[in-house]
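**Q**
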Amino acid sequence: MRPSIVGFVSSLSLLLAPMAGTTDDDSQSSPQLGTQYRTAVVANLDNEIANLEATGSSGASTRENVTRSAQEFDLLEHLSCIPVDALYYCPFWGWSDTDIPLEERLDINNITESTEISGDVPWESTIYDLLTLPPDQQREMLRQDLMNAKSSAGKVLADDQFTDTGDISADVREAFPAESAFADVETDSNSSTAARTTVVSRARLVTTTRAGKQQRSNWCGPASANFMGLHDPRSPSANSQQLWANRLGTGSGGTSIYNFVNAVNRYMPGWSQRVNGYVVRSISGWSVSKWIGQISGTVGHKKAPVILHPKLSPGVSTYVPAGTGTGGHFNVAFGYTVYSNGSGIVNIFEPYDFSGKLRRTMVTDPFTKVKEANDANRSFQNIGV
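Residues 0 to 384 in numbering that gives the first Met the number 0 are what the sequence shown lists, from first letter to last.
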């Protein structure tokens, strides 16, 4: 059964906890130019937050003023993507390379609770659940979402530059030194292989795991979270998939990636600190080389896993058995190898057993297939990094 609205509100309250990583106080130790650049980067987010707080202020807090404020607030009017330097932040959706119009992200005529048994929750259902909250609480959830976006802006800009070029510009390094430090971490390289090529870069965070297959058809999210929790470098925890389902707000419709990343930030301090707080990142239009840059940056340099969000079938994966597949799905990239010829593989924790045909939990797929599988989840095309 789908969790009650009380349960969903509880999972949404994860947003109210600030993400691990840097805060505004970090800018005080930055050089003047770095501080100016940092301020300019988040200016549009600051403006949106200020406007939002202004709409919530009605002078004296009389019952009439509070009621008027609530009636005037329309969440759907605040979901447009916000420019942040070269990127965009789309509220409750995530970070994107492009400005994605709301009508391309949201079927305005289908904002209902999810009734399909699946691994991931449609965004329409996430918005539906937000709209069931009192308007003042909707506003506060949105404000906290934008505050978290502001906190993560430097991390996302540094990631984006690293995935595109393999380095981070001087202005971003100066403005966001903590978020940029991962680029200087060395990875394993120059190892010969049986294929007579050279390993340019590789990393593997986990060699064995006690994490098991998902216990229900729609629990790929809880099973993936359980794997990550077992191996959190600061606070490893052997929790049940049921507990993770509760923490992720997983219902019959599956898990929201938005809740997934916020649960990691709250309950897995080791992984969260290594990435300066997980965020949802659009992968729409990404090339294979950008995929390689993102996974090598997160897994190889930051030493943290990537939450993948694919739709699997034999056509987009080498390990999926014939005649099987998934709807929207979650699994976890915990390792990779990149070769000198430009090819490479990703090590993946796979929670689904494909009707008993895949017993292994640790599998590999080429970067090309990982890209295809995540592109195939057309309703989302996003990951957690």
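By construction, the Cβ of each residue, glycine as well, lies at the ideal position given by its N, Cα and C atoms.
This structure is a prediction, so every number in the text was calculated from the model and none was measured.
Locate the alpha helix (DSSP H) running through L156, then write down its first and last residues.
**A** P134 to T164
**Q** Can you pull the DSSP bridge partners for T363?
**A** N346
**Q** Just the C-alpha distance for Q31 and L101, rounded to the nearest angstrom, thanks.
**A** Whole-angstrom Cα-Cα distance: 37 Å.
**Q** In the DSSP output, what is A332 paired with across the bridge?
**A** V305 and I347
**Q** Determine the DSSP secondary structure at C93, reduced to helix, strand or coil.
**A** Here residue 93 is Gly; the residue named in the question, Cys, does not match the sequence. Residue state, collapsed to three classes: strand.
**Q** Taking one C-beta from the region 84-99 and one from the region 161-169 each time, how about it: are there three or more such pairs within less than 8 Å?
**A** no
**Q** Suppose you measure from the CA of A321 to the CA of E52; what does that come to, to the nearest Å?
**A** 53 Å
**Q** Ignoring anything shorter than 3 residues, give me the beta strand (DSSP E) runs that lie fully in the region 231-314, in order along the chain.
**A** 279-281 and 305-307
**Q** Closest by CA to P176, which one among S151, E47, S200 and T186?
**A** Of all alpha-carbon atoms in S151, E47, S200 and T186, the one lying nearest the alpha-carbon of P176 is that of S151.
**Q** Leaving out five residues on either side along the sequence, give the residues of the same chain with a beta carbon under 7 Å from the beta carbon of N381.
**A** Close CB contacts of N381 within its chain, under the 7 Å cut and outside five residues either way in sequence, are with G93, I256, V279, R280, S281, I282 and H308 (chain order).
**Q** To which residues does DSSP link I382 through a beta bridge?
**A** R280
**Q** Under 9 Å, do H328 and K310 count as touching if we go by C-beta distance?
**A** Contact flag set, yes.
**Q** CA-CA distance, N147 and I126?
**A** 18 Å
**Q** For the 8 Å Cβ check, are there 3 or more pairs between the region 33-50 and the region 178-185?
**A** Flag = no, the region 33-50 and the region 178-185 do not touch.
**Q** According to DSSP, is D187 part of a helix, a strand, or is it coil?
**A** Three-state DSSP puts D187 in a strand.
**Q** Excluding the 5 residues preceding and the 5 following Q240 in the sequence, name in chain order all residues of the same chain whose CB lies nearer than 6 Å to its CB.
**A** Q214, W218, P221, A222 and N225
**Q** For I306, does the count of other Cβ atoms within 10 angstroms reach 16, so buried, or fall short, so exposed?
**A** Buried, because 16 or more other Cβ atoms sit within 10 Å of the Cβ of I306.
**Q** Helix, strand or coil: how does DSSP classify Q216 here?
**A** Here residue 216 is Ser; the residue named in the question, Gln, does not match the sequence. Coil.
**Q** Please state whether DSSP places T61 in a helix, a strand or coil.
**A** For T61, the predicted model reports a pLDDT of 43, less than 50, meaning its position is unreliable; a value from the coordinates is still stated below. T61: coil per DSSP, three-state reduction.
**Q** Hey, is V337's beta-carbon within less than 9 Å of any beta-carbon in chain B?
**A** Considering every chain present, this structure includes no chain B. It has just one protein chain.
**Q** Which term fits S234, buried or exposed, when burial requires 16 or more other beta carbons within 10 angstroms of its beta carbon?
**A** Exposed, because fewer than 16 other Cβ atoms sit within 10 Å of the Cβ of S234.
**Q** Given this structure, state the Cα-to-Cα distance separating V384 from Y277, to the nearest angstrom.
**A** Cα to Cα, V384 sits roughly 5 Å from Y277.
**Q** On the three-state DSSP scale, how would you describe G33?
**A** In the structure shown, G33 sits in a helix (DSSP, three-state: H, G or I).
**Q** By the DSSP assignment, the beta strand (DSSP E) with S200 in it spans what residues?
**A** T197 to R203
**Q** Would R201 pass as a contact of Y335 if the rule is Cβ separation under 9 Å?
**A** yes
**Q** Could you tell me which of V274, D73 and A85 sits nearest to L132, measuring between CA atoms?
**A** D73
**Q** Going by DSSP, name the residue or residues bridged to V337.
**A** S200 and G343
**Q** Can you round the beta-carbon distance between L363 and V337 to whole angstroms, since I take them to be within the 8 Å contact cut?
**A** Contrary to the premise, residue 363 reads as Thr rather than Leu in this sequence. Actually they are not in contact, since the Cβ atoms of T363 and V337 sit about 13 Å apart, beyond 8 Å.
**Q** Can you tell me whether G250 is buried or exposed, with buried defined as 16 or more other CB within 10 angstroms of its CB?
**A** buried
**Q** What whole-angstrom Cβ distance do L397 and A262 have, given they're in contact under 8 Å?
**A** Any question about residue 397 goes unanswered here, given that the chain covers just 0 to 384.
**Q** In three-state terms, what does DSSP make of I167?
**A** Of the three classes helix, strand and coil, the one that applies to I167 here is coil, per DSSP.
**Q** Run through DSSP, which three-state label would Y318 get?
**A** coil
**Q** By alpha-carbon positions, which one of I110, A157 and W290 ends up nearest to R172?
**A** It is A157.
**Q** Among V287, D128, T207 and S236, which one has its Cα closest to the Cα of N388?
**A** What is shown of the chain runs 0 to 384, which leaves residue 388 out entirely.
**Q** Give the single residue among D187, N43, D170 and A169 whose Cα lies nearest to the Cα of L204.
**A** D187
**Q** Once DSSP output is grouped into helix, strand and coil, what is the label at I110?
**A** coil
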